[in-house]
Amino acid sequence: MDKIKILIANDIESRINEIKEFIIDKFNDLDILEASSYKDTLKYLTYKKFDCIILDITMPTYYNQEKFSLESGTFRSLAGLNILERMYLDKLHIPTILFTGLEKFYNEYNFLLSFKQLTKNVEKYSFCKGIIRDNGEQILWQKEMQELLNNIIRK
34 MDKIKILIAN DIESRINEIK EFIIDKFNDL DILEASSYKD TLKYLTYKKF DCIILDITMP
94 TYYNQEKFSL ESGTFRSLAG LNILERMYLD KLHIPTILFT GLEKFYNEYN FLLSFKQLTK
154 NVEKYSFCKG IIRDNGEQIL WQKEMQELLN NIIRK
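Under our numbering, the residues of the sequence shown are numbered 34 to 188, in order.
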C-alpha cells in the first residue's frame, strides 16, 4: 500500500508541528509535506500529488525562511480560499480541510467576512471536506480533524 500524501499549508511553524504530530499519532504510512505560504502551496500543487490538504486560510504570499517580515510579501487574508478557487479551476479536486484560528476575515475589497459567511463561500468546492476553527481548545479541533481525516483517508 502506498503512503498517504498530505500537504499541511500554514505559515505558523508551531501550528504545522502540532497538526503533524497529531496526524502521525493517529494514522500510519504517511508522507507529510509542509508549505508556509500561498506561493509554496501552489508550487507543491503543480508538481506533487496529494491525497489530502490541510490548508490555513490566512497566509503570506511568499515566505522568507530567514525570518517572517515584510519581505514575505503581501499578507493574504483569504489565501486558502484563493487556493481552493485555483484548485477548482484547475480541476484539482483533492480532499481539503480548511484550518484557522481566526473568527473574522477581510476579503480583497476589505469587506469583513464572519466565519459563518466564510463557510457559505466554500460550499461550491465539493472537495473541501470541512472548516476547522481552533478556538484554543485543542481537544475540539483534534476531534474534528480526526473525523474529517477518517472520512478522507479510509475511503
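Where a beta carbon is used, it is the ideal one built from N, C-alpha and C, also for glycine.
Best match in the options for proximity to residue i [C-alpha to C-alpha]
i: T152; options: R119, L114, F60, N168; result: L114
i: T107; options: I49, I86, K72, N184; result: K72
i: C161; options: M120, T79, T129, I57; result: T129
i: R119; options: A68, Q175, T79, R166; result: T79
i: K38; options: I86, N50, S159, K176; result: I86
i: K176; options: N50, R48, K59; result: K59
i: T133; options: M92, A68, I127, I185; result: M92
Bridge-paired residues (DSSP) for residue i
i: M92; result: R109
i: E67; result: I41
i: G163; result: I130
i: I87; result: I41, I130
Straight-line Cα distance separating residue j from residue i
i: I90; j: D64; result: 22 Å
i: L103; j: E46; result: Because L103 sits at a pLDDT of 44, beneath the cut-off of 50, its placement in the model cannot be relied upon, and the following sentence gives the value as read from the coordinates. If I take the Cα positions, the gap works out to 17 Å.
i: L122; j: K157; result: 12 Å
i: I172; j: M178; result: 10 Å
i: D191; j: E54; result: No information on residue 191 is available, as it lies outside the stretch 34 to 188 that the chain covers here.
i: L40; j: L117; result: 14 Å
i: N43; j: S70; result: 7 Å
i: L182; j: R166; result: 15 Å
i: Y142; j: N61; result: With a pLDDT of only 46 at Y142, under the threshold of 50, the placement of this residue in the model should not be trusted, and no figure is reported.
i: K124; j: T74; result: 16 Å
i: F101; j: I52; result: Summary for F101: the model assigns pLDDT 48, below 50, so the residue's position carries little reliability; its value from the coordinates is reported in the next sentence. Taking the straight line joining both Cα atoms gives about 20 Å.
i: K149; j: I57; result: 30 Å
i: R187; j: T94; result: 33 Å
i: K82; j: K36; result: 12 Å
i: L131; j: I164; result: 5 Å
i: W190; j: V155; result: What is shown of the chain runs 34 to 188, which leaves residue 190 out entirely.
i: K185; j: L111; result: Going by the sequence as given, residue 185 is Ile instead of Lys. Distance between the alpha carbons of I185 and L111 is about 24 Å.
i: G169; j: R48; result: 12 Å
i: I127; j: E180; result: 17 Å
Cβ separation of residue i and residue j, assumed to be a contact under 8 Å, to the nearest whole Å
i: Y77; j: L66; result: 6 Å
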